[in-house]
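Student:
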Amino acid sequence: MIIDTNENKPQDTLKDIRNIMERSTRFLSLSGWSGIWAGLVALGGCIISFALLQNYYQRYDLRGTFNTDDYLNLRNNLFYLGISVFVIALAGAYLFTLRKVKKQGLNVWNTASKRFLANLLIPIFAGGWMIISFLYFGDWQYVAPSCLVFYGLGLINASKFTLDDIRYLGFIEVALGGICLFFPALGLYFWSLGFGILHIIYGIVMWRKYDKNEKN
Amino acid sequence: MRKEIEQLNKIFDSRLRIGIMSALVVNESMNFNELKALIDATDGNLATHLKTLEDNGFIKVQKGFIGRKTNTLYAITKAGEKAFRSHLDALEKIIKNLG
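From first to last, the protein sequence lines stand for chains A and B. Take any residue in the first sequence, note its place counting from 1, add 135, and you have its number in the numbering used here. Take any residue in the second sequence, note its place counting from 1, add 639, and you have its number in the numbering used here.
#1: Check Ala261 (chain A) in the structure and name its three-state DSSP category.
#2: Only counting the same chain, and skipping five residues up and downstream in sequence, which positions put a Cβ closer than 8 Å to that of Asn212 (chain A)?
#3: So, helix, strand or coil for Gly227 (chain A), using DSSP?
#4: Taking Arg153 (chain A) as the reference, which of B:Ile650, B:Val665 and B:Asp652 has the closest Cα?
#5: By a C-beta neighbour count over all protein chains shown, 10 Å radius and 16 as the cutoff for buried, is Asn141 (chain A) buried or exposed?
#6: Does chain A have any CB closer than 8 Å to the CB of Ile733 (chain B)?
#7: Considering Cα atoms alone, identify which of B:Thr681, B:Val700, B:Phe651 and B:Leu677 is closest to Asn710 (chain B).
#8: Under a Cβ-count criterion, where at least 16 other Cβ atoms within 10 Å of its own Cβ denotes burial, should Glu157 (chain A) be classed as buried or exposed?
#9: Taking CB distances under 8 Å as the criterion, tell me whether Gln146 (chain A) reaches chain B.
#10: Any chance you could list the alpha helix (DSSP H) runs of at least 4 consecutive residues sitting entirely within the region 145-193 of chain A, in chain order?
#11: Output, in chain order, the set of chain B residues within a Cβ distance shorter than 8 Å of Ile257 (chain A).
#12: According to DSSP, is Asn351 (chain A) part of a helix, a strand, or is it coil?
#13: Among the residues of its own chain, which have a CB less than 6 Å from the CB of Lys295 (chain A), if the five just before and after it don't count?
#14: Could you tell me whether the Cβ of Thr297 (chain A) comes closer than 8 Å to any Cβ of chain B?
#15: With a 10 Å radius around its C-beta and 16 neighbouring C-beta atoms as the bar for buried, classify Lys235 (chain A) as buried or exposed.
#16: Where does Ala718 (chain B) fall in DSSP's three states?
#17: Which residue comes first and which comes last in the beta strand (DSSP E) that contains Phe651 (chain B)?
#18: For the beta strand (DSSP E) containing Gly703 (chain B), name the first residue and the last one.
#19: Report buried or exposed for Arg161 (chain A), applying the criterion of at least 16 other Cβ atoms within 10 angstroms of its Cβ.
In structure tokens:
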């Protein structure tokens, strides 16, 4: 609450100004737990994918021939798994951040958070559309690297409206995606690293930096 | 020192008005509720200060609608930005002289 008096020291006034400018343009309440959650969900998704692929190849070897139905089945399962992982990771990340916002007594929907979200989602949706076309035409090898690159670009784009640290996570994701392009067979490993491990590390670093010292 | 204090704008004596100006100087426009949440003021108090700033030509008000609900947007004017920046400069000078 701003108390209206005329006896404020100029230092305090400047502090107020800086605080309001920052709060009105940046969404600073991202929780470290959101990153940890997203990372764990992604890792879980990768483990299920590995299992699905392994089962598929086992059946393939047993049969000795390619089976279209089995292949289409695998493709659908992987697609729905990917969508589920995305939704569960996002929903959990939102809830952890909502909890932090509530604790700080702030509102989750304000100009800053809307800008942050819009800037994050624009590259992600553009990338998602491209990835749908890759899946449609069967260009599997580009799916994993594109996910990483566009997600990284989303983070870099959104970093202007939130904690600066997110920018570096974005750079690493883009770089990982760039490398992954040349190792198409290792896509799932790059995915586990980029979406799983990196998120967990990032979440822990953020938690130590911003959340740990906050009163509960 | 005296000269700098005289340069401080009397209209920006209030922390609420300073708050409004700080938010509007870095945002293209904000509506009433966004300002209210940011500055944590009561409706009446915020409206009074917005009116003062508007009367001084520091902010402009644009009445619009979202569906059937009124959505009033506030934005800073050129004059407002200039006045606010020179107020900040004066504040900075005072702090420098103190230190």
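From the three backbone atoms N, C-alpha and C, an ideal C-beta is built for every residue, glycine too. The model shown is predicted, which means the values in this text are computed figures rather than measured ones.
Tutor: So, to answer that:
#1: helix
#2: Leu187
#3: helix
#4: B:Val665
#5: For Asn141 (chain A), the predicted model reports a pLDDT of 49, less than 50, meaning its position is unreliable and no value from the coordinates is stated.
#6: yes
#7: B:Val700
#8: exposed
#9: yes
#10: 145-160
#11: Chain B residues near Ile257 (chain A): none, gap ~18 Å exceeds 8 Å.
#12: Because Asn351 (chain A) sits at a pLDDT of 46, beneath the cut-off of 50, its placement in the model cannot be relied upon, and the point is left open.
#13: none
#14: no
#15: buried
#16: helix
#17: First-last for Phe651 (chain B): undefined, no H or E at that position.
#18: Ile698 to Ile705
#19: buried
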